[in-house]
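Remarks on the structure that follows.
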Amino acid sequence: MSYEKLANIIFKDIDKTPEYFINKYPKRTLPEGAEVTRYAPSPTGFQHIGGVFAALVAQRVAALSNGIFFLRIEDTDQKREVPGAILDTISTMNKYGIDFNEGQTSDHDYKGNYGPYKQSERKEIYQTFAKDLIRQGKAYPCFATPEELEELRNWQIEQKITPGYYGQYAKFRDLPVDQAIEKIEFGLPYIIRLKSSNSPERIHFTDLIKGETSFPANNQDVVIIKQDGLPTYHFAHVIDDALMHTTLVSRGEEWLSSLPIHLELFEKLQLPQPKYAHIPTIMKMDGKSKRKLSKRKDPESAVTYYDDEGYPVDCVIEYLLNLVNSNYETWREENKDKSYLDFPVALNKMSKSGALFDIIKLDDVSRDIISRMTKDQVYNLYLEWAKSHDLEMHNLALAKFEGLREFFNIDKDTPKPRKDFAKWIEVKPKIVYLFNEFFDEESDIELPKSVSLDQAKEIIAEYKKVYVHSHSSQEEWFNHLKDFAASIGYCSNKKEYKKDPEKYKGMIQDVAGAVRVALTHRINTPDLFVIMQILGESEVLSRFNRFINN
RNA sequence: GGCCCAUUGGUCAAGCGGUUAAGACACCGCCCUUUCACGGCGGUAACGGGAGUUCGAUUCUCCCAUGGGUCACCA
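Residue numbers for the first sequence follow my numbering, so the first one is 596 and each next one is one higher.
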């Protein structure tokens, strides 16, 4: 048969058959209902939060079903490849608690029995299948130059015809085999295209997230092997996911429109087709309209942003889970002590439209989670973050080990813990007054609305005289402060004050406010008693003096 | 432009033919309180538009509008 000859000329080095690879990668033996999923990024740059989102979904689905989750590197476009991106992908995923059962483990190594897990190393496999397609007349070499294609496209658009290489516009689709061979032997460059059946039928399809949908069958003679011998995404996807026995492909919804191509490819290659879940794109508000999170414009699209800001990884994950299934919050409320790993992710409960990434909501989720951590967890996580993002604070935090832990412990053991921090970058401005290094440099002094600076100084001048550092409890200290407040004409009881405001200079909170401002320059800090204990008696008195004389 | 997907308050979203249309975040107010917080209670605020189907549509169908995606030898 002449197609046979063509196939042998094009892929003269390919001596295997599709059966060889099909037999080489038998189906895994897995428990009933186990899903095999994957994360398949191309190593083209920094990690996108959408990537973590997609990987998280796939990983959860596999883990929850006792299946397999693997990493495949889609590096068929060698021009766009960025050195180091593979390792960066792996370490980012690991950092976010996303581990792979199989797949690429470094630039050149992988684990698992279905490898290689890097497409550039699977060239022989793709070519074997492509050769088989040519042999069957289901694919053909195309000699059209990029310029020619461009011209065709422009003309089609001008004529208001669907652009593309298909049907009557596919110039080399029906080129006689001997002429094709002639061109090849002459040395003309070419690529391999699928000879689409061009079926007039509509295809009905069920997506696990989007539900029922239908579209016209593919009619494009898409490129399957590029001039460099590597496959296009479409061809590689179909072969890899079949050979790797992926049961469920979860990927961004931008792939939905090329699904007809993939479906035809599965059919032509006679390979088993997986289930699909097309994940909505994470969007962002831009003025009045939504748009995709952009690498260019949005710093928060990069995973490194969350690290730089100091969001604990668990907080980011829990927020993302919130976007995956909106009943996550309810579940979390009912299962406070469980790990997010126990949450039953359900693809059919996922929103069909793109969610807006809401940093404010992230902050809330994060604050809540941090508030439930122990003082040691908070301290250690902060220290770890500061080590790589704020060395000065890291060293101070180390030096003030006990003090800082006490500070983080304020109200920790109560049923209603404080929610001071959403991310570690917020810690510094809220604690720097503990350190003279920063405190003395501050020029801004906040004041409670009902107290003037002079009034505050007056209060402190008096308080300094009676200040006792050695109170054994917060309660004792505050009682003392109340007595003091009364002695200088401030009311210590709110109700009485309201009855007759004229009788008093102010209220107890004005006095406490003055003390707070003198010690911290802030009107908003955690419990003063603990802060004073951390500062120590001499520093407290010194700050009182500095405040009065300033 | 063709094809596909989507459309409930500012945001995330429940709802799947009959509801006073949940809840969370944000915002506002009140309360609690020994300072700061936390917390509690309450409030403002929504079914894109138009035709059908139906006794009855946020829910079903169609059309339109809007938003998004996609139409590469990129993934």
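Every residue, glycine too, gets a C-beta built ideally from N, C-alpha and C.
The residue among T723, G662, E928 with its C-alpha nearest the C-alpha of L864 is T723. Take M1127, set aside five residues on each side of it, and the residues of its chain with a beta-carbon closer than 6 Å to its own are V1135, in chain order. Burial is judged here by how many other beta carbons sit within 10 angstroms of a residue's own beta carbon; I752 has fewer than 16 and is exposed. By alpha-carbon distance to A992, the top candidate from I964, P1010, Y1028 is Y1028. For V652, the uninterrupted alpha helix (DSSP H) run begins and ends at 644-659, by DSSP. Counting along the chain, L789 sits inside the beta strand (DSSP E) bounded by residues 786-789. If you draw a straight line from the Cα of P907 to the Cα of E716, it comes to about 36 Å. In its chain, beyond the 5 residues on either side, no residue has a beta carbon closer than 6 Å to the beta carbon of F996.
For Y1028, the secondary structure class from DSSP, reduced to helix, strand or coil, is helix. For T1120, DSSP assigns no beta-bridge partner whatsoever. Between A680 and G640, the C-beta spacing is below 8 Å.
The Cβ atoms of A649 and T632 do not sit closer than 8 Å to each other. Using a 10 angstroms sphere on the CB of Q642, the tally of other CB atoms reaches 16 or more, which defines it as buried. By the Cβ-count criterion, R967 is exposed, with fewer than 16 other Cβ atoms from all chains shown falling within 10 Å of its own Cβ. C-alpha of I798 to C-alpha of L860: approximately 14 Å in a straight line. As the crow flies, the alpha-carbon of A657 is around 5 Å from that of E630.
Out of D985, I1143, K706, V1022, the CA that lies nearest to the CA of I1040 is found in I1143. Its chain contains G905, Y977, W980 as the residues whose beta carbon lies nearer than 6 Å to that of W1019, once the 5 sequence neighbours on both sides are disregarded; these appear in chain order. Checking the DSSP bridge columns, you'll see H1064 has no partner listed. Around the beta carbon of S1087, a 10 Å sphere encloses 16 or more other beta carbons of the protein chains shown; the residue is thus reported as buried. Its chain contains no residue whose beta carbon lies nearer than 7 Å to that of K892 once the 5 sequence neighbours on both sides are disregarded. With a minimum length of 3 residues, the unbroken runs of beta strand (DSSP E) contained wholly in the segment 653-722 fall at 663-666, 697-699. For A635, the closest alpha carbon among the candidates G645, A1017, F781 is that of G645.
A1109 sits close to A1051, with the two beta carbons spaced by under 8 Å. Per DSSP, I779 has no beta bridge partner at all. In this structure, the CA atom of F665 is about 12 Å from the CA atom of M688. E669 sits away from Y871, with the two beta carbons spaced by 8 Å or more. Taking C-beta atoms as the reference points, Y691 and V647 count as a pair closer than 8 Å. Here Y935 is not near I955, since their CB atoms are 8 Å or more apart. Annotation: R967 is outside any alpha helix (DSSP H) and is labelled neither H nor E by DSSP. Between S794 and F800, the C-beta gap is not smaller than 8 Å, which leaves the two residues out of contact. Assignment of I1040 by DSSP, reduced to helix, strand and coil, places it in the coil class. Burial is judged here by how many other beta carbons sit within 10 angstroms of a residue's own beta carbon; W750 has fewer than 16 and is exposed.
Shortest Cα-Cα distance from F938 to any of D816, V973, V919, S948 involves V919. Sequence-distant Cβ neighbours of F1034 in its own chain, meaning closer than 6 Å and more than five residues away, are Y1028.
Exposed is the label assigned to Q774, since fewer than 16 other Cβ atoms lie within 10 Å of its Cβ.
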